[in-house]
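This note's numbering applies: residue 2 is where the sequence shown begins, and numbers increase by one.
For each residue, glycine too, the CB sits at the ideal point set by N, CA and C.
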Amino acid sequence: MSHFPFATTDYPVFLAPMEDVTDASFRRICKDFGADVLISEFVSSDALVREVDKSLKKMAFSESERPFGIQIFGHDEQSLRGAAEIAAARQPDFIDINWGCPVKKVVGKGAGAAMLRDIPKLVRLTEGIVKAVPLPVTVKTRLGWDELHKPIVDLAEMLQDVGVRMLTVHGRTRSQMYSGQADWTLIGEIKRNPRITIPIVGNGDVDGGERALEVRNLYGVDGVMVGRAAIGNPFVFKEIKNFFEGKERPEFSFADRVSTCLRQLQTAVEIKGERTGVLEMRRHYAGYFKGIPHFKETRVKLMTALTLAECQSILLNSLEHFAVH
Ligand SMILES: Cc1cc2nc3c(=O)[nH]c(=O)nc-3n(C[C@H](O)[C@H](O)[C@H](O)COP(=O)(O)O)c2cc1C
2 MSHFPFATTD
12 YPVFLAPMED
22 VTDASFRRIC
32 KDFGADVLIS
42 EFVSSDALVR
52 EVDKSLKKMA
62 FSESERPFGI
72 QIFGHDEQSL
82 RGAAEIAAAR
92 QPDFIDINWG
102 CPVKKVVGKG
112 AGAAMLRDIP
122 KLVRLTEGIV
132 KAVPLPVTVK
142 TRLGWDELHK
152 PIVDLAEMLQ
162 DVGVRMLTVH
172 GRTRSQMYSG
182 QADWTLIGEI
192 KRNPRITIPI
202 VGNGDVDGGE
212 RALEVRNLYG
222 VDGVMVGRAA
232 IGNPFVFKEI
242 KNFFEGKERP
252 EFSFADRVST
262 CLRQLQTAVE
272 IKGERTGVLE
282 MRRHYAGYFK
292 GIPHFKETRV
302 KLMTALTLAE
312 CQSILLNSLE
322 HFAVH
């Protein structure tokens, strides 16, 4: 049994870090529905050492969110170490390093998944961060750069050897971006390596209780991380938890969806201010109301509303129109 470097349940379910999605308002809602471990959106190490206000704000979390990790990304040794120290001063439960982000603006600077093309440097930079902070350091990455280069099984050992305390693997390469299906076989191979003692968290395409149970049984991972399936659907955590406990799939009514959505919206506005809170909430509506017949018109109204009051009244009015669901 591998031990997580923070207190959690036996088989924790993680909310994946997602830029502009997993802010504090959404994280808290996911925690309420059963997410065990939360991680910040990724924070640029260059921006942190320059004390950019938006990046400093991304590190904020409340005690109720623990165990909580702050995730940093970057390419420069000094700023990564400096950023890790700044993040550690906020006293999260762990510092997570992102070596997996595939997007051009990150990879183009040599950060995120770009480092998968220079494994010795990736390991060296990671070791520097481990030595710089008094907190557990964890890593999130992908299988490798492309179909021909998937070093993850060896890389897992190297990371463990320099002191990394948990590894999360998204079962895709950088070249795949988000296309195709996540391949969990190499994640299973890491777990079968008898030298690996750190917890391995599997990630990629887990969309509900059935798949979570399946990957748990098939690949022996120590925990599972859910990203896109949770957007506008924090209920997925309750479903996964129920499946793990051998219980039924939970039912959530239309009224449950509206009240949860309203709660997230209100918290987002409290934390980020009305404009940003209202705009960033737009990412979640499609998920909250997926599959509700004839909801399109209401969704369009939500997507164009600019004030909290407008959004609240659209949501509350929808309760009358869609009460049967
Ligand atoms: C909108 C969006 C933003 C993301 N931002 C981050 C991020 O900041 N840090 C990170 O490690 N991964 C990020 N990811 C990747 C997810 O954490 C996760 O690895 C990926 O979505 C695969 O998991 P899933 O199939 O459950 O979505 C992001 C993904 C999406 C869709």
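| task | Ignore the nearest five residues each way along the sequence and tell me which others in G164's own chain have a CB closer than 6 Å to its CB. | result | V131
| request: Within 10 angstroms of the Cβ of N318, are there 16 or more other Cβ atoms? Answer buried if so, exposed if not. | output: exposed
| message | I'd like the list of long-range same chain contacts for C312, defined as Cβ closer than 8 Å, with 5 residues on each side in sequence excluded. | response | L266, V279, M282, L303 and A306
| Nearest-angstrom Cβ-Cβ length linking R173 and R217, presumed shorter than 8 Å | Going by Cβ atoms, the distance from R173 to R217 rounds to 19 Å, so no, they are not a contact pair.
| query | In terms of residues, what are the limits of the alpha helix (DSSP H) holding V301? | reply | K297 to T305
| query | What residue ranges within the stretch 97-168 form continuous alpha helix (DSSP H) runs of no fewer than 4 residues, ordered along the chain? | reply | 105-108, 120-133 and 153-162
| field | Per-residue burial, G145 [other beta carbons within 10 Å of its own, 16 or more giving buried] | value | buried
| M159 beta carbon near ligand 1 (any heavy atom closer than 6 Å) | no
| field | Nearest-angstrom Cα separation, counted from F323 out to L136 | value | 49 Å
| task | Tell me, to the nearest whole angstrom, how far the beta carbon of G233 is from that of G288; I am working on the premise that it is less than 8 Å. | result | 2 Å
| said: Could you tell me the alpha carbon to alpha carbon distance between T10 and D37, rounded to whole angstroms? | reply: 7 Å
| said: I'd like the ranges of any beta strand (DSSP E) spanning at least 3 consecutive residues and lying wholly in the stretch 219-282. | reply: 224-227
| Is the stretch 83-91 touching the stretch 43-58, taking contact as three or more C-beta pairs under 8 Å? | yes
| message | Taking 8 Å as the cut-off, does the stretch 223-239 touch the stretch 9-26 (at least 3 CB pairs, one atom from each stretch)? | response | yes
| L309 burial status per 10 Å Cβ neighbour count (16 or more: buried) | buried
| Cβ neighbour criterion (16 or more within 10 Å) applied to E321 | exposed
| query | Would a check of beta-carbon distances place E252 closer than 7 Å to chain C? | reply | Structure shown: chain C not included; a single protein chain is present.
| So which of V259, R264 and G274 has the shortest CA-CA distance to R300? | V259
| said: Nearer than 6 Å: is that true of the beta carbon of A17 relative to any heavy atom of ligand 1? | reply: yes
| request: For the alpha helix (DSSP H) holding G1, just list the boundary residues, first then last. | output: Past the boundaries of the shown model lies residue 1; the chain is included only from 2 to 326, so the question cannot be answered.
| query | Starting from Q313 and walking both ways along the alpha helix (DSSP H), at which residues does that stretch end? | reply | L309 to H322
| task | Have a look at E215, V270, M226 and G209 and flag the residue whose alpha-carbon is nearest the alpha-carbon of R358. | result | With the chain represented from 2 up to 326, any question about residue 358 goes unanswered, as that position is not in the structure.
| query | Is the beta carbon of F7 sitting closer than 7 Å to the one on P68? | reply | yes
| request: Check whether the stretch 86-97 touches the stretch 57-71, taking contact to mean three or more Cβ pairs, one atom from each stretch, closer than 8 Å. | output: yes
| request: Measure the CB-CB distance between Q161 and I120 and report whether it falls below 7 Å. | output: no
| Under three-state DSSP, which class holds S176? | coil
| Which residue's Cα is closest to the Cα of K55: T277, R284, K106 and G75? | T277
| V140 to H295 span [Cα, whole Å] | 43 Å
| ligand 1 heavy atom lying under 6 Å from the CB of D33 | no
| field | E298 to I315 span [Cα, whole Å] | value | 11 Å
| query | Which one of A114, F34 and H4 has the shortest CA to CA distance from I73? | reply | A114
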